[in-house]
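A quick write-up on the structure given underneath.
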Amino acid sequence: MDRNKKVLITGANGFTGRHACQFFADCGYDVTGMVRSLPSKRSDVKLIYGDLGCQQRIEEVIKEIKPELILHLAGLNNVGESWVVPDECISTNVMGTVHLLEAVRNSCPEAKMIVVGSMLQEQPEEIPANPYSLSKTIQFQVSKAWEHLYEMNILFVKPTNLIGPGPANGICSILAQKIVQMESGKQSGTISLDSLDASRDFLDVRDAVKAFAILAELGQKGHVYELGTGVKRPLREVIEELRQLSVIEFEVNEQKPQKRTMTHVSGYSTLQDLNNLGWEPSISLQTSLRDILEYHRRRKGENMDE
1 MDRNKKVLIT GANGFTGRHA CQFFADCGYD VTGMVRSLPS KRSDVKLIYG DLGCQQRIEE
61 VIKEIKPELI LHLAGLNNVG ESWVVPDECI STNVMGTVHL LEAVRNSCPE AKMIVVGSML
121 QEQPEEIPAN PYSLSKTIQF QVSKAWEHLY EMNILFVKPT NLIGPGPANG ICSILAQKIV
181 QMESGKQSGT ISLDSLDASR DFLDVRDAVK AFAILAELGQ KGHVYELGTG VKRPLREVIE
241 ELRQLSVIEF EVNEQKPQKR TMTHVSGYST LQDLNNLGWE PSISLQTSLR DILEYHRRRK
301 GENMDE
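Going by full-length UniProt numbering, the first residue of the sequence shown is number 1, and it counts up by one from there.
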């Protein structure tokens with residue numbers, strides 16, 4: 001590992017971006033996080049303003065930093081929100097990525113770039129289940145084309161459902177927030193869900209960023225790495241784990257599934273590729289859920305003290 005290597009992480013204020021910035025900095029990289037708005041305080045990493053929608057600004061950022069590695073995490077990643085603003089979702093995730101690709105190609109073409117997609121992206125011949133899935137599918141195709149046409153050093157990661165402590169908008173974080181509200185007596189003791197039998201592969205974000213760091217050093221140009229545990233767990237199991245970790249009792253109301261449900265998640269045909277590089281998940285689902293609950297309990301306590 002080159003401890004002086006300059007790394008640019010887009011989406012540094014996001015759930016995964018915060019963990020990635022911290023881990024890469026702890027590993028000794030010279031990390032700069034790109035954000036759309038500068039927070040009032042953030043001491044763990046250098047931050048720079050950059051909006052993927054503004055090609056000129058992205059060009060300026062890349063010219064200023066001249067990164068040797070770019071970890072591209074920025075984008076609109078809320079499936080529900082993508083139904084409401086599909087144009088913004090596609091513009092941000094697709095054209096924003098094009099702006100970044102062009103800036104890298106023009107100013108530091110030798111840099112290594114890791115484009116983080118999603119297991120929700122489909123094969124080109126398949127009809128996407130939602131606008132978010134469509135945007136990630138096109139993002140991958142565009143990035144793959146730039147890698148091939150311009151011989152750029154780009155590799156790709158398709159993570160499954162990332163969970164863990166932090167400001168996430170996934171199902172585990174939503175459930176934890178509701179439980180913490182119930183623990184404080186500010187919400188009724190009932191949680192409503194669509195299908196308790198819906199299964200997903202949950203991977204702790206802290207394991208995911210370790211995989212990103214391994215790929216930063218060992219990942220192969222043009223390769224697609226699928227990232228997960230390889231084990232799908234039903235929401236029923238998640239609920240039972242949270243029930244064991246909670247200090248209160250609560251009921252679950254299983255509702256009729258909505259029309260817009262979670263899209264199919266593909267299998268893990270290349271999961272072994274990361275294992276061959278020395279990576280494997282180490283954080284259990286129970287540990288992840290415990291840490292998510294503790295994060296929201298701390299946030300709740302901090303808000304009460306203000």
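For each residue, glycine too, the CB sits at the ideal point set by N, CA and C.
Residue i versus residue j - alpha carbon distance
| i | j | result |
| --- | --- | --- |
| R200 | Q139 | 23 Å |
| Q141 | I179 | 40 Å |
| T261 | T287 | Confidence at T261 is low in this model, with a pLDDT of 48, below 50, so its placement is unreliable and no value can be given for it. |
| F250 | G189 | 5 Å |
| A129 | A74 | 21 Å |
| L52 | V247 | 43 Å |
| L277 | L271 | 11 Å |
| R206 | F15 | 11 Å |
| G228 | G164 | 14 Å |
| residue 308 | Y225 | This structure cannot speak to residue 308, because the chain is shown only from 1 to 306. |
| G222 | G96 | 20 Å |
7 Å CB neighbourhood of residue i in its chain, flanking five on each side removed
| i | result |
| --- | --- |
| L38 | L47, Y49 |
| Q220 | L155 |
| D30 | N4, K5, K6, V7 |
| S184 | K300 |
| L285 | F202, R233, E241 |
| S266 | The pLDDT assigned to S266 is 46, lower than 50, so where the model puts this residue is not dependable; a value taken from the coordinates is nonetheless given after this. The residues are M119. |
| A168 | F15 |
Identified DSSP bridge partners for residue i
| i | result |
| --- | --- |
| H72 | T10, V115 |
| K46 | T32 |
| V252 | I191 |
| S246 | Answer is none; S246 lacks a bridge partner. |
| L227 | P159 |
| D204 | I163 |
| R233 | R200 |
Same chain only: Cβ atoms within 6 Å of residue i, ignoring 5 sequence neighbours per side
| i | result |
| --- | --- |
| V35 | A12, N13, L47 |
| W279 | A211, I214 |
| E68 | K5, K6, A111 |
| T32 | L8, K46, I48, I65 |
Same chain, Cβ closer than 8 Å to residue i, neighbours up to 5 away in sequence not counted
| i | result |
| --- | --- |
| V238 | I171, C172, L175, F202, L285, L289 |
| R105 | W146, Y150, M152 |
| residue 307 | Residue coverage of the chain in this structure runs from 1 to 306, which leaves residue 307 outside it and unanswerable. |
| G57 | The sequence shown places Arg at residue 57, rather than the Gly named in the question. So the list reads Y49, G50, D51, once near-sequence residues are dropped. |
| S107 | E59, I62, K63, K66 |
Restricting to runs no shorter than 4 residues, where is the alpha helix (DSSP H) found entirely within the region 148 to 194? 171 to 183
Count Cβ pairs between the region 83 to 91 and the region 100 to 114 that sit closer than 8 Å; are there 3 or more? no
Contact between the region 237 to 256 and the region 182 to 198 is defined here as three or more beta-carbon pairs at a separation below 8 Å; is this criterion met? yes
Please confirm if the region 209 to 216 is in contact with the region 7 to 24, defined as three or more CB-CB distances below 8 Å between the two stretches. yes
Please specify which runs of the alpha helix (DSSP H), each continuous and at least 4 residues long, are wholly inside the region 11 to 38, giving them in chain order. 15 to 26
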